[in-house]
Amino acid sequence: MPELAEVAYYARQWDPAIGQKILGIHTGPKPRFFRHTPATAFRKALPGTTYRGARTHGKNLLLEFSDGLWITGHLGMTGELLTAPADHEPTAHDHLVLQTHTTSLIFRDFRMFGSVRLDESPDGPPPDWQALPPEVLSPAFTTERLTGALQRHARTPLKTFLLDQAWFPGIGNWMADEACFQLRLHPATPTGNADPAALRRTLRAICRKSLQTIAIDWSDPPASWLMRHRWKVGGDCPRCHTPLTRETLRGRTACWCPTCQKPPGKKPAKS
Ligand SMILES: [Zn+2]
């Protein structure tokens, strides 16, 4: 599932059409994709407007058009934004295609957990966008805020808590595992045992580096990251070369090093 950096990557894909007028539109036949706004509303409103660009907040996308129109998008499990030449013939998975004189702007989704919503909001992004919680890299994501959050969720497994989008927008499965790994904490460590300052520092470093690599050109983050090894069949800890462990924790697959990340109550290995 796309996390913060992957969503930021997709948000850039429509950039070649910034400033261009929308001349045509195709909407796919699946009502599920248009569950928030019917396809007819997109077909009526968007032709004739100008594409202004994209921004992201966590896993959420916001696409701006002239005339105060905004598309709020969610990529779900397999959604992606991409471009093709203007004469692109939409595929069965191209649920929304906007044509400019040079380019087709495509929202493609194979599994259809993604969605789009159309809003008219002349004075800036829709109100619910403006009300989203602070992102990890925002100045409002302070140690104080995090300290309170960790105390309130003290008994929740750290990994599970890190997936809470109300506190950690854009952090998903691999980023949460990465944070536990870099902190040398077992994913089941009670949240109350985590050091807020260290957690904040680690999360910010992971977000920053991901946005400098994956979000730019899908390039890899450092080889010292768990992320680089967790997808392989087997896979060894980049730090101590112990085979990685994978288990389900509260419904999500967690991946960790059994040597570097001891279960709660046991002392971590010295490196
Ligand atoms: Zn290890």
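Numbering of the sequence shown is given in the numbering used here, commencing with residue 34 and proceeding in unit increments.
In this text, a Cβ means the ideal position worked out from N, Cα and C, and glycines have one as well.
The model shown is predicted, which means the values in this text are computed figures rather than measured ones.
Those residues having their beta-carbon less than 6 Å away from any non-hydrogen atom of ligand 1 are, in chain order, 270, 272, 273, 275, 290, 292, 293. With fewer than 16 other CB atoms across the displayed protein chains lying within 10 angstroms of its CB, residue 251 is exposed. Cβ atoms of residue 115 and residue 106 stay farther apart than 8 Å, at about 13 Å.
Annotation: the stretch 118–170 contains the following complete segments of the beta strand (DSSP E) (minimum length 3 residues), in chain order: 127–132, 136–142, 148–153.
For residue 58, the three-state secondary structure derived from DSSP is strand. The stretch 55–108 is shown to contain whole alpha helix (DSSP H) runs of 4 or more residues at 72–78, in chain order.
Sequence-distant partners of residue 174 (beyond 5 residues in either direction) whose C-beta falls short of 6 Å from its own C-beta, in its chain, are 167. Residue 187 and residue 247 have their C-alpha atoms roughly 32 Å apart.
Residue burial annotation: residue 137 is buried, with at least 16 other C-beta atoms found within 10 angstroms of its C-beta.
Contact between residue 183 and residue 220 does not hold, since their C-beta atoms are separated by about 15 Å, which reaches or exceeds 8 Å. Contact annotation, residue 212 with residue 236: C-beta distance approximately 6 Å; criterion of less than 8 Å satisfied. Closest by C-alpha distance to residue 149, out of 181, 103, 194, is 103. In this structure, DSSP gives residue 218 a state outside helix and strand, which the three-state scheme calls coil. Counting C-beta atoms within 10 angstroms of its own C-beta, residue 91 has 16 or more neighbours from the protein chains shown and is therefore classed as buried. Bridge pairing for residue 287: 280 [DSSP]. Counted as a single uninterrupted DSSP element, the alpha helix (DSSP H) harbouring residue 243 occupies residues 229–245. Residue 108 counts as buried, since no fewer than 16 other beta carbons sit within 10 angstroms of its beta carbon.
In the structure shown, residue 298 falls within a coil segment according to DSSP collapsed to helix, strand and coil. Close CB contacts of residue 132 within its chain, under the 6 Å cut and outside five residues either way in sequence, are with 56, 57, 119 (chain order).
Straight-line measurement puts the Cα of residue 151 at about 8 Å from the Cα of residue 74.
Burial is judged here by how many other beta carbons sit within 10 angstroms of a residue's own beta carbon; residue 277 has at least 16 and is buried. Residue 37 and residue 46 have their alpha carbons spaced roughly 15 Å apart. Residue pairing from DSSP places residue 269 in a beta bridge opposite 276.
For residue 135, the CB contacts under 6 Å within the same chain, skipping 5 residues up- and downstream, are 119 in chain order. Note that the C-beta distance between residue 260 and residue 200 is not below 8 Å.
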